[in-house]
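**Student:** Below is one structure. I have some questions about it.
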Amino acid sequence: MPTRSWWHGPERWTRVLIGLCVLLHLVPVAVAGFGSSPDAARSVVRVLGLARPGSEAFEWWQPITYSFVHGSWLHLVFNMLGLWLFAPPLEAERGRTWFLETYFISVLWAAILHVIVSPWLGAGSVLIGASGGLYGLMVAYAWHYPDERLPLLPGLEVKARVLALVYAGIELYLLFPTWLPGAAWLDGKLGHMAHVAHLGGMLGGWMLGRRPSGAATATKEKV
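At position 3 of the sequence shown (counting the first as 1) the number is 2 in numbering that gives the first Met the number 0, and the numbers step up by one without a gap.
Set out below in structure tokens:
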């Protein structure tokens, strides 16, 4: 059972991740607000968002930095609320190193699957957003705290393992919008999210999130 003291404030590295995401969203907003061109306001996305490897826009840092950039306030708020939900208890109880490794490996797996699979599905846009890391933390949380109850909808709570399975099912359903009934309509309403990247993040969270933390291993050895 995870500690709930984090309701009063996230742990340090969770706070750093959220702060960087908010800051990088505010910078282009501030630039546009001071009368610069809309093109200047989009420069953060062009520099930090993940472009296709081999293209002129691709840079070596983008497989990580894309996770700090968001396309809208709604995109940012949804991802930051998710981080606030899953990250602090994992960081507090599994340790800083375990938490950061799990998060950023999930981010990398999201980028890898997006780059490999998305062109086959006709999606070749620049990838942005912390969703890959967030989905990885969701799976890690469900692995370690499977019976912890979490909000699925307003007024509806489900166990963490059920929540992770529901989200995985939704992403698989929306992955083929032209093949499955209703998927194209729902995908359009949700803004054509990077479903492959979400599944890649979940894969990274499953691979890394299952391992014990150093603190947990040390405690087990002492007993």
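Note that the Cβ used here is the ideal one computed from N, Cα and C, for glycine as well.
Considering only their Cβ atoms, is the gap separating Gly128 from Gly203 smaller than 7 Å?
**Tutor:** Cβ atoms of Gly203 and Gly128: not closer than 7 Å.
**Student:** Go to Leu75, then tell me how far its alpha helix (DSSP H) extends in each direction, as first and last residue.
**Tutor:** Element bounds for Leu75: 72–93.
**Student:** For Ser233 versus Gly94, is the C-beta distance shorter than 7 Å?
**Tutor:** Here the chain comprises residues numbered 0 to 222, so residue 233 is not present and cannot be evaluated.
**Student:** Return the CA-CA distance between Pro118 and Gly168, expressed in angstroms with no decimal places.
**Tutor:** The alpha-carbon atoms of Pro118 and Gly168 are separated by roughly 22 Å.
**Student:** Please identify the residue among Pro145, Glu170, Tyr172 whose C-alpha is closest to the C-alpha of Ala159.
**Tutor:** Nearest of Pro145, Glu170, Tyr172 to Ala159, Cα basis: Pro145.
**Student:** Relative to the C-alpha of Val76, which candidate in Ser130, Leu173, Ala56 has its C-alpha closest?
**Tutor:** Comparing Cα positions, the closest option is Ser130.
**Student:** In chain order, which continuous runs of the alpha helix (DSSP H) of length 4 or greater are located wholly inside the stretch 146–181?
**Tutor:** Runs of the alpha helix (DSSP H) inside the stretch 146–181: 159–173.
**Student:** Is the stretch 42–55 touching the stretch 99–108 in the sense that three or more CB pairs, one from each, lie closer than 8 Å?
**Tutor:** Verdict: no, contact absent.
**Student:** Could you pull the DSSP bridge partners for Leu202 from this structure?
**Tutor:** Bridge partners of Leu202: none, in fact.
**Student:** Could you tell me whether the Cβ atoms of Ser65 and Leu126 are closer together than 7 Å?
**Tutor:** The amino acid at residue 65 is misidentified as Ser; the sequence shows Tyr. Cβ distance < 7 Å, so Tyr65 and Leu126 count as in contact.
**Student:** Leaving out five residues on either side along the sequence, give the residues of the same chain with a beta carbon under 6 Å from the beta carbon of Val195.
**Tutor:** Taken in chain order, the residues that qualify are Leu112, His113, Val116, Ser117.
**Student:** Determine, using beta carbons only, whether Trp142 and Arg209 come nearer to each other than 7 Å.
**Tutor:** Their beta carbons are under 7 Å apart, which means Trp142 touches Arg209 by this criterion.
**Student:** Closest by CA to Asn78, which one among Glu100, Leu151, Ile17?
**Tutor:** Cα-wise, what sits closest to Asn78 is Ile17.
**Student:** Give me the DSSP bridge partner(s) of Leu133.
**Tutor:** According to DSSP, Leu133 bridges with nothing at all.
**Student:** If you measure between the beta carbons of Met206 and Val138, is that distance less than 7 Å?
**Tutor:** For Met206 and Val138, no; Cβs fall outside 7 Å.
**Student:** Assuming contact is defined by CB atoms lying nearer than 7 Å, are Gly48 and Val21 in contact in what I supplied?
**Tutor:** Cβ atoms of Gly48 and Val21: not closer than 7 Å.
**Student:** If I'm right that Glu100 touches Trp12 with Cβ under 8 Å, what's the distance once you round it to whole angstroms?
**Tutor:** With 8 Å as the limit, Glu100 and Trp12 do not qualify as a contact, their Cβ atoms being about 11 Å apart.
**Student:** Does the separation of the CB atoms of Glu170 and Leu198 fall below 7 Å?
**Tutor:** Cβ distance < 7 Å, so Glu170 and Leu198 count as in contact.
**Student:** Just the Cα atoms here: how many angstroms apart are Leu155 and Leu173?
**Tutor:** Their backbone Cα atoms lie some 23 Å apart in a straight line.
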